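In our numbering, the protein residues as written are 175 to 511.
Just so you know, even glycine gets a beta-carbon here, dropped at the ideal spot from N, CA and C.
Please read these numbers as outputs of a predicted model, since none were measured by experiment.
Down below is the structure, laid out as structure tokens.
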Ligand SMILES: NC(=O)c1ccc[n+]([C@@H]2O[C@H](COP(=O)([O-])OP(=O)(O)OC[C@H]3O[C@@H](n4cnc5c(N)ncnc54)[C@H](O)[C@@H]3O)[C@@H](O)[C@H]2O)c1
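Here it is, written out as structure tokens:
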């Protein structure tokens, strides 16, 4: 499905983080809809480096890109020599997804370096090439502020959230200094869908609970999960928002848009819908929530996203899980390392 009247076929498109969940879906969107576009993926993929929290340093995986026919550059956005490899191209569009995406990584230096400094270097490339830049911000910037969350009222409560907030601030300043540029931030809420499997423990609860059920286990939820709410958004709608952002009708050359459905649903709902899709009726196992500062309700105010981008979510939680369920089954039991 094409989400825009822009003809990307003659365009050169950079996707940083293109071996990851959202980036690889973007890459296939362009490949499928605009086979004559030049798509360049820049990603460091995964090394075997494991962080103190037990998660990998980066989650890119070649299996997300099986069938991708474009250009792949393995490089680290923190390494200026690696970024020089991008000089062989002139980008019309840059979709910046590469990041430390692990919200529970507390190595502040690493998070800030990767998410903030590298973004500055990418903005310089965008300026040189006169590219339109769409970058990934995050709903984490809202911290535990009450729902619905609105752009302009932020409260970052961990290094990841702070780094995304700083990206937004930097983009705003950069756009003022460079009025001919278009720099658009996407505040993704809880994204789920195909190609997230390799994020392992940082993948959505949709796939994690789905696999617990397929293992024949009682799906594990925190106590009071019927009251812990999230704005869950299916990957196809996230791609829609990214594509429509290329033609932002905002008043400024830097805008930030919430990317959610505008509705919050509970983790209990997720578990129930999965059980209904999988034809099971396991009792949930409820455990104590070990996290301080756990967001109790995220719900995107998408008024501006609707007005300026013409964005309209196509998937409810029910229809998103229904579209996703065969993929959840397909990858079940395979190795995600
Ligand atoms: N998935 C969500 O629910 C969600 C929500 C809010 C924001 N985001 C943001 O959206 C973007 C994409 O998220 P995702 O879910 O696809 O995560 P992901 O971890 O699957 O993708 C990130 C990609 O960046 C790559 N990467 C990490 N560090 C790198 C480095 N130093 N150099 C080059 N590449 C590097 C990884 O290998 C990976 O392929 C991220 O910026 C994330 O913070 C995601």
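Taking a C-beta distance under 8 Å as the contact criterion, residue 187 and residue 269 qualify as a contact pair. Within the same chain, 337, 340, 341, 344 come within 8 Å of residue 290 by CB-CB distance, once the 5 residues on both sides are set aside.
For residue 343, the Cβ stays outside the 7 Å cut-off from all heavy atoms of ligand 1.
Closest option to residue 245, judged by alpha-carbon separation, among 233, 251, 232, 259: 259.
Bridge partners of residue 216 according to DSSP: 190, 247. Relative to the non-hydrogen atoms of ligand 1, the Cβ of residue 325 never comes closer than 7 Å to any of them. For residue 441, the CB stays at least 7 Å from every heavy atom of ligand 1. Counting only runs of 3+ residues, the beta strand (DSSP E) found wholly inside the region 286-351 occupies 306-312, in chain order. Within a 10 Å sphere around the beta-carbon of residue 435 sit 16 or more other beta-carbons, which makes this residue buried. The count of Cβ pairs closer than 8 Å, one atom from the region 387-404 and one from the region 462-477, reaches three, so the stretches are in contact. Exclusion of residue 488 from the 7 Å shell around ligand 1 follows from its C-beta lying no nearer than that to any non-hydrogen atom of the ligand.
Exclusion of residue 435 from the 7 Å shell around ligand 1 follows from its C-beta lying no nearer than that to any non-hydrogen atom of the ligand. If you draw a straight line from the Cα of residue 318 to the Cα of residue 416, it is about 25 Å long. Spatial neighbours of residue 297 in its own chain (CB-CB distance under 6 Å, excluding positions within 5 residues in sequence) are listed in chain order as 348. For residue 278, no beta strand (DSSP E) segment is defined, and its DSSP state is neither H nor E. Taking 7 Å as the cut-off, the C-beta of residue 462 does not count as close to any heavy atom of ligand 1. Per DSSP, reduced to three states, the secondary structure at residue 230 is strand. For residue 313, the shortest separation between its Cβ and any heavy atom of ligand 1 lies below 7 Å.
Residue pairing by DSSP places residue 403 opposite 440, 471 in a beta bridge. Of 507, 479, 457, 275, the smallest CA-CA separation from residue 335 is found for 275.
Our two residues, residue 392 and residue 446, have alpha carbons roughly 12 Å apart in a direct line. In this structure, residue 193 has its beta carbon less than 7 Å from a heavy atom of ligand 1. Note that the C-beta distance between residue 177 and residue 414 is below 8 Å. Taking non-hydrogen atoms of ligand 1 into account, the C-beta of residue 204 is found less than 7 Å away from none of them. Where residue 224 is concerned, there is no enclosing beta strand (DSSP E), because DSSP gives it neither an H nor an E. It is roughly 22 Å from the alpha-carbon of residue 384 to the alpha-carbon of residue 234.
Setting aside the 5 residues that flank it on each side, residue 208 is surrounded in the same chain by 182, 183, each with a C-beta closer than 6 Å to its C-beta; the list follows chain order. The alpha carbon of residue 356 has as its nearest neighbour, out of 390, 309, 451, the alpha carbon of 309.
Here residue 461 really is in contact with residue 397; their C-beta atoms are around 7 Å apart, less than 8 Å. In the structure shown, residue 357 falls within a strand segment according to DSSP collapsed to helix, strand and coil.
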